[in-house]
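Numbering (UniProt numbering), first residue to last: 1 to 111.
A virtual CB, placed ideally from N, CA and C, is assigned to each residue, including glycine.
All values derive from a computational prediction rather than experimental measurement.
Please read the structure below before turning to the comments.
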């Protein structure tokens, strides 16, 4: 029997994107550049420590960029790079799939 092997690039992409909160952070940034607190407040139950860790990982992977504005106080914004923006169609497809196949409790839909 010939068992197909997993593509290493696909495997790495899934490893990166399957970390808890990562996709939600990237999805939130599809709305445009945002500051740390705005991202943190937009995703319930996401701790500041985990957000900080995920932002660093995403920056190292070239999916987001961190821009520091030399103001007082210093302003830092996070935005998607071209690599990150290329994930937007994936989110559209997941949204379409979820609408069709995922049942949500009424209390969750209202959030």
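inquiry  = Just verifying my parser: in three-state terms, what is the DSSP assignment at residue 76?
reply    = strand
ask   = By how many angstroms is the C-alpha of residue 85 removed from the C-alpha of residue 31?
value = 10 Å
ask   = Any idea what DSSP makes of residue 66, helix, strand or coil?
value = strand
task = Only counting runs of 3 or more residues, tell me where the beta strand (DSSP E) segments fall wholly within the UniProt domain "HTH hxlR-type" (7-106), in order along the chain.
result = 64-69 and 75-80
task = State yes or no: is the C-beta of residue 76 within less than 8 Å of the C-beta of residue 27?
result = no
query = With 16 other CB atoms within 10 Å as the buried threshold, where does residue 9 fall?
reply = exposed
task = Leaving out five residues on either side along the sequence, give the residues of the same chain with a beta carbon under 7 Å from the beta carbon of residue 81.
result = 62, 63, 64 and 65
key: C-alpha gap between residue 94 and residue 52, whole angstroms   = 25 Å
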